[in-house]
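Since the structure comes first, as structure tokens, the remarks are kept for the end.
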Amino acid sequence: MITTLLKHEWMRTRGLVGAVAAAATLAVAVGTGLAFTELPVLSQLGSALAIVVLVALLPLAQIALAFDFWRSSFRRTGYFTHSLPIRGGTIFWTKLLWGAIVTVGLLVLNVLLVALFWAAFGPVLDLSRNFFADISTVFELMPASFTTAMILMVVLSGFGWLAQLYFAATLGSGRALGRFGIGGPVIVYVAMYMIVQAVMFAGILLFPFGLEFVPGNGGTMLDYNLVNYNVLNDMLSPEASQTMPLGFLPVLLVVLLVSVIWSTRIWNRKVALA
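Counting with full-length UniProt numbering, you get residues 1 to 274 for the letters of the sequence shown.
Written out as structure tokens, the structure is:
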């Protein structure tokens with residue numbers, strides 16, 4: 001049944017996903033072409049266009065997926081969704097899984113587009129035109145544990161934000177806020193954003209540990225040590241800190257769990273449709 005639901009999600013969203021991917025590819029290709037001209041104004045405009053698209057691709061795509069999730073779940077087409085003889089939580093998890101699959105696919109596309117743009121932009125940074133060769137060199141100079149942790153954190157952050165968007169769409173479409181239309185999810189997301197920021201700051205205070213980056217040895221360019229970290233001292237210090245706080249990570253994990261569990265409970269109960 002989940003396979004059938006995933007197929008339905010693919011057929012329903014392929015136009016949206018294809019349009020996003022095609023627009024991003026075209027924009028980066030045009031930006032890269034302009035950057036290759038090395039003309040003062042055109043090359044700068046091309047580089048700016050490519051960089052903006054590369055930075056904005058995943059966030060905008062996830063917002064588009066969240067809007068589609070809201071429209072197909074809680075507007076008129078939601079009647080068909082909730083008429084399926086399937087537990088609501090299963091439908092929610094399938095939609096979230098499909099959103100995660102699309103996110104991973106667009107992340108791969110983003111890396112390929114970075115490699116395309118790098119062919120023109122790399123020499124500006126006194127690097128080669130081969131992005132994969134340059135990034136491999138960087139990874140070789142980093143501790144393997146750090147590289148793995150960074151990749152996992154990027155994936156977790158992307159999935160976590162998608163779960164938050166879907167949660168905002170779900171809670172914001174309830175009987176209390178559903179009458180505001182798209183404003184309901186927006187209200188929930190803004191409130192959740194402010195709460196999460198405050199809780200993350202509290203997490204950094206209550207979990208006073210961080211990674212201090214130091215020059216590497218034994219073949220690595222960079223290494224790190226687990227140290228005590230006081231965010232208040234860091235804020236008052238005139239010098240830039242070389243320490244990354246870790247207290248926000250448990251908070252992100254808790255927010256992810258709360259988002260998916262609460263959303264599942266709502267979907268398993270009566271859902272209000274507009």
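Beta carbons are placed, not taken as given, at the ideal position from N, Cα and C, and that holds for glycine.
Residue range of the beta strand (DSSP E) that includes residue i
i    : result
G210 : F209 to P215
P245 : T243 to P245
N228 : L222 to N228
Residue range of the alpha helix (DSSP H) that includes residue i
i           : result
M150        : A144 to L171
T3          : I2 to T37
L106        : G88 to F121
residue 351 : Coverage of the chain is limited to positions 1 through 274, which leaves residue 351 absent and any answer about it impossible.
L177        : Where L177 is concerned, there is no enclosing alpha helix (DSSP H), given that its DSSP letter is neither H nor E.
residue 281 : In the structure as shown, the chain begins at 1 and stops at 274. Residue 281 is therefore absent and cannot be evaluated.
L256        : F248 to N268
E140        : F131 to E140
I204        : G183 to L206
Cβ neighbours of residue i in the same chain (closer than 6 Å, five flanking residues each side left out)
i    : result
M167 : The sequence shown places Phe at residue 167, rather than the Met named in the question. Hits under 6 Å: S259 and S263.
I266 : T170
V199 : V251
V196 : V255
G247 : G203, I204 and F207
L42  : L34
Same chain, Cβ closer than 7 Å to residue i, five either side skipped, listed in chain order
i    : result
A23  : none
I151 : none
A45  : It is Leu, not Ala, that sits at residue 45 in the sequence shown. Closer than 7 Å at the Cβ level, and outside the excluded window around L45, lie L34.
F139 : T147
F36  : A120
G184 : G172, S173, L177 and G178
A64  : L16 and V20
N230 : P208
L236 : none
M192 : Q164 and A168
Candidates the options, of which the one nearest residue i by Cα
i           : options                   : result
L232        : L252, A29, P208 and A119  : P208
T4          : G33, T77, L84 and L106    : L84
W161        : L109, A202, G247 and Y189 : Y189
F159        : F67, G99 and G174         : G99
residue 290 : T137, T25, M1 and L257    : As shown, the chain starts at 1 and ends at 274. That puts residue 290 outside it, with no answer to give.
F201        : A163, P245 and G172       : P245
F69         : N230, D234 and I182       : I182
L257        : L26, P185, G184 and Q164  : Q164
F117        : A48, L253, V214 and V41   : A48
L106        : I261, N230, L16 and L236  : L16
L26         : A50, R14 and F36          : A50
R14         : E239, V102, A191 and S136 : V102
V154        : A29, L249 and I261        : L249
L253        : S157, F131 and F67        : S157
N268        : S145, V104 and I86        : I86
Residues of its chain near residue i, where Cβ-Cβ distance is below 8 Å and the 5 sequence neighbours each way are ignored
i    : result
T81  : S72, S73 and I91
V227 : F209, G210, L211, E212 and T243
P123 : R129
D134 : W118, G122, L127 and S128
Below-7 Å beta-carbon distance, residue i vs any chain B residue
i   : result
V53 : Although the question refers to chain B, the structure presented lacks it and comprises just one protein chain.
_Can you confirm whether the region 4–20 touches the region 85–99 when touching is taken to mean that 3 or more C-beta pairs between the two stretches lie within less than 8 Å?_
Verdict: yes, contact present.
*Does the region 57–64 touch the region 14–34, meaning 3 or more C-beta pairs lie closer than 8 Å?*
The region 14–34 is in contact with the region 57–64.
_I'd like to know if the region 189–206 and the region 123–132 are in contact, where contact means that at least 3 CB-CB pairs between them fall below 8 Å._
The count of Cβ pairs closer than 8 Å, one atom from the region 189–206 and one from the region 123–132, stays below three, leaving the stretches out of contact.
*Does the region 42–55 come close enough to the region 112–120 to have 3 or more Cβ pairs within less than 8 Å?*
The way I'd put it, the region 42–55 does touch the region 112–120; three or more beta-carbon pairs between them come closer than 8 Å.
*Quick one: which unbroken alpha helix (DSSP H) runs of 4-plus residues sit fully inside the region 35–81? Chain order, please.*
The qualifying runs are 40–74.
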